[in-house]
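Enquirer: Residue numbers (our numbering): 1223 to 1550.
Backbone N, C-alpha and C fix where the C-beta goes; we use that ideal spot for every residue, glycine too.
Below are the C-alpha cells for one structure; questions will follow.
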Amino acid sequence: MSLRMLFLDMDPGVDDAIAIIFASASRKFSVLGISTVAGNAPIEDTTENARRLVDFLRMETTVFKGASKPLVRPHEIAYWLPGEKRVVPARETQRPDGGVPFHGEKGLGDTRLPRSRSSLRKVSGPEAIVQAARKDPEAVTLVATGPLTNVAIALLLEPKLPTLLSKLVVMGGAYGKTRFGTGNITENAEFNVYCDPEAAKIVFEGFAGAVCVGLDVTADPQNMLYERDVGRFRNGRKASLARSLIGYDLRTYGRFEAHDPLALYYAYDSSAFRTVRARVEVGTTGALRGHTNAKARTAKNGQLIATKVDFERFRKDLFAEINVPQKD
Ligand code: BDR
Ligand code: CA
C-alpha cells in the first residue's frame, strides 16, 4: 500500500488530538508535519499540545508553530457555561462568569501529558505548509481542522498552493443542507470559520475543489461517539490516550463530537462520504460572521461539501487502527 502524505494544520483541541492519534496509528498515512494555530486554545497551548502528542505517540514528524491570532481580529475561544448548557465565544482575558474553555483549561480536556522535549523549529506553520507542498508537488494532502489562518497565509505566500497540493480537506462550516446545519458557536457559525472568517474567505475563494466537512455531517447525533463506544478502546498507548480524551467530553457533554477525525477520515477513505459541489461564501460581519453559504448555482470551481458519511465504517476503522498495538 502506498503511503498517503499528510500535513495537518490544527488547534489541538480534544477532537484534533483524536485526529492525530488516528493519523499516527494508520498505516495508510505518513504525517509530514503539523502546523498549529490559535483556535481551541491560545497558540502556546495548541503548539505545546501538538508537541506533547507527537512525543507521547512517538511520531516521526515535526510541529511548526503558526498564527497566534486570526488575520484581522483578536483571538476568541469557546467557553462552556455549565449552568446554562450552552457555548459562548469570548477572548481569553474576558472569560464569562462561570465559563470553562470548551476543550478544558489547556485544550486537552483533563488529559495531562509529559512536557515536550524537542526544541521548536524556526520555520513558521504557513511556511512549513508551503515547503511541504513544493517539495512533493501534487502528493501532499493538507487536512485543516482549526481556524484557517495558517492556510490563508500559506496561500498568500504561495498562490500556486492549490495546484501544488494533492488535496485540501477542511473541517469547517455549517451548510444548512440538513437540520444539523446550524452553527455551534453562534446560531449561524461553526467555530473554525467564526474564529477567522477573513481567512476562511481567502481559502474558499482560492481553493477550488477543497473538501469541506462541516457540522451537517459532524454534528449529526448519529455521527457521535457515546459512553457505550469507549469500551471498544483496548489497551495500549494510543487507545488509552483516546479513551482519556474522549472520556472528558463524555463526562462533560455526554457525547464526543468527532469533527476533526471525520475530516481526517475523508483523506483516509473518501468513498465513505457523499458530497455535493457548491461554492462556499463566508460571512464576515455582524450576525453573519462565520456563516457559510454553499451556493450550488455557482458551483463551477466550487468546493466539495460533505453531506453524509458512513459513520459505521468510520467507527470500525477508527477502533481498528487505534487498537492495533504494533507501534506501542
Ligand atoms: C471545530 O471547532 C473545534 O471545537 C473543533 O476542534 C473542531 O475543529 C468544530 O466546530
Ligand atoms: Ca479543531
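Apply the 10 Å Cβ neighbour rule to leucine 1275 and answer buried if 16 or more other Cβ atoms are within range, or exposed otherwise.
Expert: In the sequence shown, the residue the question calls residue 1275 occupies position 53. A buried status is given to leucine 1275, since no fewer than 16 other beta-carbon atoms sit within 10 Å of its beta-carbon.
Enquirer: Going along the chain, which unbroken runs of the beta strand (DSSP E) with 3 or more residues stay wholly within the stretch 1427 to 1459?
Expert: Fully enclosed beta strand (DSSP E) runs of 3 or longer: 1433 to 1435.
Enquirer: What residues in its chain sit with their C-beta under 7 Å from that of arginine 1465, if we drop five residues either side in the sequence?
Expert: Counted from its first residue, the sequence shown places residue 1465 at position 243. Val1452, Phe1455.
Enquirer: Verify whether the separation of the beta carbon atoms of alanine 1421 and proline 1369 is less than 8 Å.
Expert: Along the sequence shown, read from residue 1 onward, the residue named residue 1421 stands at position 199. Along the sequence shown, read from residue 1 onward, the residue named residue 1369 stands at position 147. In this structure, the beta-carbon distance from alanine 1421 to proline 1369 falls below 8 Å.
Enquirer: Between Leu1293, Val1294, Ala1272, which lies nearest to threonine 1284 when the distance is taken from Cα to Cα?
Expert: For the purposes of this step, residue 1284 is identified with residue 62 of the sequence shown, where counting begins at 1. Checking every option, the nearest Cα to that of threonine 1284 belongs to Ala1272.
Enquirer: Could you tell me which residues DSSP pairs with methionine 1232 in its beta bridges?
Expert: On the sequence shown, residue 1232 is found 10 positions in, with the first residue counted as 1. Looking at the DSSP assignment, methionine 1232 forms a beta bridge with Thr1258.
Enquirer: Can you tell me which residues form a DSSP beta bridge with lysine 1389?
Expert: Start at 1 with the first residue of the sequence shown, and residue 1389 comes out as number 167. Answer is Thr1363.
Enquirer: For alanine 1542, which option in Ser1246, Phe1478, Asp1438, Pro1234 has the closest C-alpha, if you only look at C-alpha atoms?
Expert: As a first step, residue 1542 is located in the sequence shown; it is residue number 320 there, counting from the start. Of Ser1246, Phe1478, Asp1438, Pro1234, the residue nearest in Cα terms is Ser1246.
Enquirer: May I have the straight-line CA-CA distance separating valine 1365 from glycine 1321, to the nearest angstrom?
Expert: Counting from 1 along the sequence shown, the entry for residue 1365 is found at position 143. Counting from 1 along the sequence shown, the entry for residue 1321 is found at position 99. Valine 1365 and glycine 1321: Cα-Cα distance of roughly 30 Å.
Enquirer: Please report the straight-line C-alpha distance between valine 1259 and asparagine 1372, rounded to a whole angstrom.
Expert: Taking the first residue of the sequence shown as 1, we reach residue 1259 at position 37. Taking the first residue of the sequence shown as 1, we reach residue 1372 at position 150. Distance between the alpha carbons of valine 1259 and asparagine 1372: 7 Å.
Enquirer: Distance, Cα to Cα, aspartate 1550 vs lysine 1460?
Expert: The residue you call residue 1550 lines up with position 328 of the sequence shown. The residue you call residue 1460 lines up with position 238 of the sequence shown. At aspartate 1550, the pLDDT of 47 sits below 50, so the modelled position is not reliable; the number obtained from the coordinates is stated separately. Near 8 Å, if we compare the C-alpha coordinates of lysine 1460 and aspartate 1550.
Enquirer: Any heavy atom of ligand 2 closer than 7 Å to the CB of threonine 1440?
Expert: Against the sequence shown, residue 1440 aligns to sequence position 218. Checking every heavy atom of ligand 2 against the Cβ of threonine 1440, none is found closer than 7 Å.
Enquirer: Please say whether cysteine 1434 and isoleucine 1544 have beta carbons closer to each other than 8 Å?
Expert: To locate residue 1544, count along the sequence shown from 1; it is residue 322. To locate residue 1434, count along the sequence shown from 1; it is residue 212. No, these two residues do not count as a Cβ contact at 8 Å.
Enquirer: Curious, which full-length beta strand (DSSP E) runs of at least 3 residues does the stretch 1261 to 1326 contain?
Expert: 1284 to 1287, 1298 to 1303, 1308 to 1313
Enquirer: In the DSSP assignment, find the alpha helix (DSSP H) that holds phenylalanine 1402 and state where it starts and stops.
Expert: Locating residue 1402 in the sequence shown gives position 180, counting from the first residue. From DSSP, phenylalanine 1402 is part of no alpha helix (DSSP H); its letter is neither H nor E.
Enquirer: Does the pairing of the stretch 1388 to 1405 with the stretch 1435 to 1444 give three or more beta-carbon distances under 8 Å?
Expert: A contact exists between the stretch 1388 to 1405 and the stretch 1435 to 1444.
Enquirer: Quick one: is lysine 1250 near chain C, going by C-beta distance under 8 Å?
Expert: Annotation note: the requested chain C is absent from the structure, which comprises a single protein chain.
Enquirer: Can you have a look at arginine 1356 and say buried or exposed, based on whether 16 or more other CB atoms are within 10 angstroms of its CB?
Expert: Within the sequence shown, residue 1356 is the residue found at index 134, counting from 1. Answer is exposed; the Cβ neighbour count stays below 16.
Enquirer: Taking 7 Å as the cut-off, is the C-beta of threonine 1284 nearer than that to any heavy atom in ligand 1?
Expert: Counted from its first residue, the sequence shown places residue 1284 at position 62. The answer is no for threonine 1284.
Enquirer: On the criterion of 16 or more Cβ atoms from any shown chain inside 10 Å, does serine 1341 qualify as buried, or is it exposed?
Expert: For the purposes of this step, residue 1341 is taken as the residue at position 119 of the sequence shown. Result: exposed.
Enquirer: For glutamate 1298, count the other beta carbons within 10 Å of its own beta carbon; 16 or more makes it buried, fewer makes it exposed. Which is it?
Expert: Within the sequence shown, numbered from 1, the residue matching residue 1298 stands at position 76. Counting Cβ neighbours within 10 Å, glutamate 1298 comes out buried, since at least 16 surround it.
Enquirer: What do you reckon, are the CB atoms on alanine 1263 and aspartate 1233 nearer than 8 Å?
Expert: Along the sequence shown, one-based indexing puts residue 1263 at 41. Along the sequence shown, one-based indexing puts residue 1233 at 11. Yes; because the gap between Cβ atoms is below 8 Å, this pair is in contact.
Enquirer: Between the stretch 1382 to 1394 and the stretch 1413 to 1428, are three or more C-beta pairs nearer than 8 Å?
Expert: yes
Enquirer: Would phenylalanine 1478 pass as a contact of valine 1531 if the rule is Cβ separation under 8 Å?
Expert: By 1-based counting over the sequence shown, the position of residue 1478 is 256. By 1-based counting over the sequence shown, the position of residue 1531 is 309. Against a cut-off of 8 Å, the Cβ pair of valine 1531 and phenylalanine 1478 comes out as no contact.
Enquirer: At a cut-off of 7 Å, is methionine 1393 close to ligand 3 when judged by its beta-carbon and the heavy atoms of the ligand?
Expert: Among the ligands present in this structure, namely ligand 1 and ligand 2, ligand 3 is not found.
Enquirer: What residue from Leu1228, Leu1486, Ile1243, Ile1424 has the CA that sits closest to valine 1546's CA?
Expert: For this step, residue 1546 is matched to residue 324 along the sequence shown. The shortest C-alpha separation from valine 1546 is found at Ile1243.
Enquirer: Report the CB separation of threonine 1268 from glycine 1329 in whole angstroms; it is logged as a contact under 8 Å.
Expert: Residue mapping note: residue 1268 aligns to position 46 of the sequence shown, counting from 1. Residue mapping note: residue 1329 aligns to position 107 of the sequence shown, counting from 1. With 8 Å as the limit, threonine 1268 and glycine 1329 qualify as a contact, their Cβ atoms being about 6 Å apart.
Enquirer: Going by the DSSP bridge assignment, what does glutamate 1503 pair with across the sheet?
Expert: Residue numbering aside, residue 1503 sits at position 281 when the sequence shown is read from its first letter. DSSP lists Asn1515 as the beta-bridge partner residues of glutamate 1503.
Enquirer: Take the Cβ of aspartate 1471 as the centre, count every other Cβ of all protein chains shown within 10 Å, and call the residue buried at 16 or more, exposed below.
Expert: One-based indexing of the sequence shown puts residue 1471 at position 249. Buried, by the Cβ-count rule.
Enquirer: Just list the residues that DSSP pairs glutamate 1479 with in beta bridges.
Expert: Counting from 1 along the sequence shown, the entry for residue 1479 is found at position 257. The beta-bridge partner set that DSSP reports for glutamate 1479 consists of Met1446.
Enquirer: Specify, as a first and last residue, the run of the beta strand (DSSP E) that alanine 1528 falls within.
Expert: Walking along the sequence shown from the start, residue 1528 turns up at place 306. That run of the beta strand (DSSP E) goes 1525 to 1531.
Enquirer: Buried or exposed for lysine 1423, please, with buried defined as at least 16 other CB atoms from any protein chain shown within 10 angstroms of its CB.
Expert: Translated into positions along the sequence shown, residue 1423 becomes position 201. The residue in question, lysine 1423, is buried, as its Cβ has 16 or more Cβ neighbours within 10 Å.
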